[in-house]
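If you're matching positions, the sequence shown starts at 51 in the numbering used here and goes up one per residue.
Here a beta-carbon is modelled for each residue, glycine too, at the ideal position from N, C-alpha and C.
First the structure, in the form of structure tokens, and then the observations on it.
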Amino acid sequence: MFEEKVGIITGGTSGIGLATAELLAKEGMHVVIASRNSEKGEETLSRLRKWSPRSIFIKTDVTNSQDVKNLVSQTYSTFGKIDVGFNNAANTEAASNATHEFKEEDFDHLINVTLKSVWLCMKYQLQVMTKQNSGVIVNTSSMDAILCSAGTGVYAAGKSGVIALTKSVAQEYGHQNIRINSFCPGAFRTPMLEERFSNLSSEEKAKLNESYQKLNALGRIGDPIEAAKAVKWLLSDDASFVTGQNIIVDGGIGFRFE
Numbered sequence: 051m052f053e054e055k056v057g058i059i060t061g062g063t064s065g066i067g068l069a070t071a072e073l074l075a076k077e078g079m080h081v082v083i084a085s086r087n088s089e090k091g092e093e094t095l096s097r098l099r100k101w102s103p104r105s106i107f108i109k110t111d112v113t114n115s116q117d118v119k120n121l122v123s124q125t126y127s128t129f130g131k132i133d134v135g136f137n138n139a140a141n142t143e144a145a146s147n148a149t150h151e152f153k154e155e156d157f158d159h160l161i162n163v164t165l166k167s168v169w170l171c172m173k174y175q176l177q178v179m180t181k182q183n184s185g186v187i188v189n190t191s192s193m194d195a196i197l198c199s200a201g202t203g204v205y206a207a208g209k210s211g212v213i214a215l216t217k218s219v220a221q222e223y224g225h226q227n228i229r230i231n232s233f234c235p236g237a238f239r240t241p242m243l244e245e246r247f248s249n250l251s252s253e254e255k256a257k258l259n260e261s262y263q264k265l266n267a268l269g270r271i272g273d274p275i276e277a278a279k280a281v282k283w284l285l286s287d288d289a290s291f292v293t294g295q296n297i298i299v300d301g302g303i304g305f306r307f308e
């Protein structure tokens, strides 16, 4: 289904992004990995080329307009098309600081990473896709956008913005055969989550793990490949009549709070 297709994946060097990149590469997609970290980017590329020899890495800061413009133009000049955009780059730094202690520069940074980066990626991806009259985009939001838990105000606002932006832009470009959806992952065993665990004592780790299990209807933390399979479906022709939607992949955390 993805044979000879070209897809850009931001945040593709770890977690859900990496799992998705590998899944799509195995299906024959030419994957373009975008990341600020060159070492991780090249390391990821060497893995992907086992299945997809023409895949490439482009160093990119997704909050920088010129970088994103270069990412898209370099992809287009290399392959002559862009079929897929998975705008997945994430950063939770300062995401849980109390509102009265939150620094303005942290606010700007978090909104830039969570929301502006998605807007920038779509802006330039759509410039190519409108010429092709085809394309599929998936933007990563978060369950924080749905649950809006205490201490995550700015992060939740940015991720909520991703959902609203996705729905609006999907309406704008549907007539040009371009589908755009978002998805909200719950708790997955990604490096970002592992980092949170790494700063805790053994007792604290056990309590946090137990709390995730209690909140989650399936009683466990997800594997990134489970999220990647959902993203793959949204990007595939199997979801050809799905656009402007926000798909929740959370193991059953969300409905427990309805």
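Check: Backbone secondary structure at G67 - three-state DSSP; Outcome: helix
Check: Check whether K131 and W101 have beta carbons under 8 Å apart; Outcome: no
Check: Buried/exposed call for F307, threshold 16 Cβ in 10 Å; Outcome: Its pLDDT being 48, under 50, F307 is placed unreliably by the model, and the measurement read from it follows with that caveat. Under this definition F307 is an exposed residue.
Check: Buried or exposed by the 16-neighbour rule on C-beta atoms within 10 Å, applied to F291; Outcome: exposed
Check: Span of the alpha helix (DSSP H), counted from its first residue to its last, around T113; Outcome: Unbroken run through T113: none, as it is neither H nor E.
Check: For E260 and G67, the rounded distance between their alpha carbons; Outcome: 26 Å
Check: Beta-carbon gap between V204 and F152 smaller than 8 Å; Outcome: yes
Check: Residue closest to G65, alpha-carbon to alpha-carbon, out of G302, D287, V281; Outcome: V281
Check: Nearest-angstrom Cβ-Cβ length linking G57 and S85, presumed shorter than 8 Å; Outcome: Not quite, the Cβ-Cβ distance comes to about 15 Å (not below 8 Å), so this is no contact.
Check: Three-way DSSP call (helix, strand, coil) for P103 in this model; Outcome: coil
Check: DSSP state of F307 mapped onto helix, strand, coil; Outcome: Residue confidence is low: F307 scores 48 on pLDDT, short of 50, so the model does not pin down where it sits. No coordinate-derived value is stated.
Check: Pick from L73, Q226, I271, A195 that is closest to C234, judged by C-alpha positions; Outcome: A195
Check: Buried/exposed call for A278, threshold 16 Cβ in 10 Å; Outcome: buried
Check: Cβ pair T70, F136 closer than 8 Å; Outcome: yes
Check: Segment contact, 8 Å Cβ cut-off, at least three pairs: the segment 171-179 with the segment 118-134; Outcome: yes
Check: Meets three-Cβ-pair contact criterion under 8 Å: the segment 292-300 and the segment 224-233; Outcome: yes
Check: Alpha-carbon spacing of S184 relative to D156, whole angstroms; Outcome: 37 Å
Check: Delimiting residues of the beta strand (DSSP E) encompassing C234; Outcome: 228-235
Check: Environment of L165 [buried if 16+ CB atoms lie within 10 Å]; Outcome: buried
Check: Length of the line joining the Cα atoms of K209 and P103; Outcome: 34 Å
Check: C-alpha gap between D158 and Y126, whole angstroms; Outcome: 30 Å
Check: Whole-angstrom distance between N162 and T128, CA atom to CA atom; Outcome: 28 Å
Check: Beta-carbon proximity list for C171, same chain, < 7 Å, skipping 5 on both sides; Outcome: T60, V112, V118, G135, N137
Check: Buried versus exposed call for T94 [16 or more other C-beta atoms within 10 Å across all chains shown]; Outcome: buried
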